[in-house]
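**Q** In the numbering used here, the protein residues as written are 388 to 630. In this text, a Cβ means the ideal position worked out from N, Cα and C, and glycines have one as well. All figures in this text were calculated on a predicted structure; none of them were measured in a lab. Sharing a structure with you now.
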């Protein structure tokens, strides 16, 4: 004989008593919250970070799509008017809603959920303190697309300009310091300076500012709470016939 399972109370059933037209959207939001918890435990370590981020983006993107699919057919223009207003009223978040759509599309079509990472490397060098490397993650490759260097106080070349608005003078001064700058950068290889990773940031949009892992998690949490408020409002406004 099979073992009988205990009955569940209404409180233990996650969607008991809920507006039936919102149930599927609620499930997608719960799915997003689940993958965010998983993501927050990875500390950015691959491949778990990438797996959970891709799943999170998919679930978050689906909340609005499922809501539209379930309500538009029943309420038509009334829903469309409300939905447009709901999108306009979405709060400002660390990861903009428009960027969320772009990230999801990138994960779907290019296989990576983030455009790039910014890696700050601390260097044991007499003149250079840090180097920031922008690592492009798209198209299944890791390519360094930009480098920025932070010189120690007094360690970098000095531009000697009489008129900062004189572009010709600026060009001449830049040409003057190029040999010194070249020698400093070449010394990174010849002297085999030791280094360590100082920090890793995540670029969620091309040309944007890198955010830390904690800021990324908080940003997605803000998305979930914003969509929860949208679903709460929809549940009150759009009541199914017979409920």
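Tell me the start and end of each unbroken alpha helix (DSSP H) in the segment 498-566 that is at least 4 residues and wholly inside, in chain order.
**A** Taking only runs of at least 4 residues, no alpha helix (DSSP H) segment lies wholly in the segment 498-566.
**Q** Going by alpha carbons, who is nearest to residue 445 out of 467, 547, 558, 607?
**A** It is 607.
**Q** Determine the closest residue to residue 493 out of 414, 592, 596, 616, with distance taken between C-alpha atoms.
**A** Of 414, 592, 596, 616, the residue nearest in Cα terms is 592.
**Q** What separation, rounded to the nearest whole angstrom, lies between the Cα atoms of residue 568 and residue 597?
**A** Residue 568 and residue 597: Cα-Cα distance of roughly 26 Å.
**Q** Taking the straight line between their C-alpha atoms, what separation do you get for residue 421 and residue 616?
**A** Answer to the nearest angstrom: the Cα atoms are 18 Å apart.
**Q** Pick helix, strand or coil for residue 408, following the three-state DSSP scheme.
**A** Coil, per DSSP.
**Q** Do the segment 442-457 and the segment 549-569 meet, that is, are 3 or more Cβ pairs less than 8 Å apart?
**A** No, because fewer than three Cβ pairs between the segment 442-457 and the segment 549-569 fall closer than 8 Å, the two stretches do not touch.
**Q** Relative to the alpha-carbon of residue 541, which residue among 571, 535, 618 has its alpha-carbon at the smallest distance?
**A** That would be 571, whose Cα lies nearest to the Cα of residue 541.
**Q** On the criterion of 16 or more Cβ atoms from any shown chain inside 10 Å, does residue 619 qualify as buried, or is it exposed?
**A** Result: exposed.
**Q** Residue 405 and residue 612: beta carbons closer than 9 Å?
**A** For residue 405 and residue 612, no; Cβs fall outside 9 Å.
**Q** Grab the span of the alpha helix (DSSP H) containing residue 437 for me, first residue to last.
**A** Taken as a continuous stretch (DSSP letters only), the alpha helix (DSSP H) holding residue 437 covers 435-475.
**Q** Counting C-beta neighbours from all protein chains within 10 Å, is the total for residue 610 16 or more, i.e. buried, or is it exposed?
**A** Residue 610 comes out buried.
**Q** What first and last residue would you give for the alpha helix (DSSP H) that runs through residue 595?
**A** Unbroken run through residue 595: none, as it is neither H nor E.
**Q** Per DSSP, what kind of secondary structure is residue 582 in: helix, strand or coil?
**A** Three-state DSSP puts residue 582 in a strand.
**Q** Do you know how far the Cα of residue 583 is from the Cα of residue 506?
**A** Spanning the two alpha carbons is a distance of roughly 10 Å.
**Q** Using a threshold of 9 Å, state whether the C-beta atoms of residue 482 and residue 585 are closer than that.
**A** No, they are not a contact pair.
**Q** Candidates 439, 437, 588, 454: which alpha carbon is nearest residue 522's?
**A** Comparing Cα positions, the closest option is 588.
**Q** Can you tell me whether residue 475 is buried or exposed, with buried defined as 16 or more other CB within 10 angstroms of its CB?
**A** With fewer than 16 Cβ atoms within 10 Å of its Cβ, residue 475 is classed as exposed.
**Q** Please report the straight-line C-alpha distance between residue 435 and residue 512, rounded to a whole angstrom.
**A** Distance between the alpha carbons of residue 435 and residue 512 is about 34 Å.
**Q** Give me the DSSP bridge partner(s) of residue 590.
**A** Note: residue 590 sits in a beta bridge opposite 503.
**Q** Taking DSSP as the reference, what is the three-state secondary structure of residue 607?
**A** The answer is helix: DSSP assigns residue 607 an H, G or I state.
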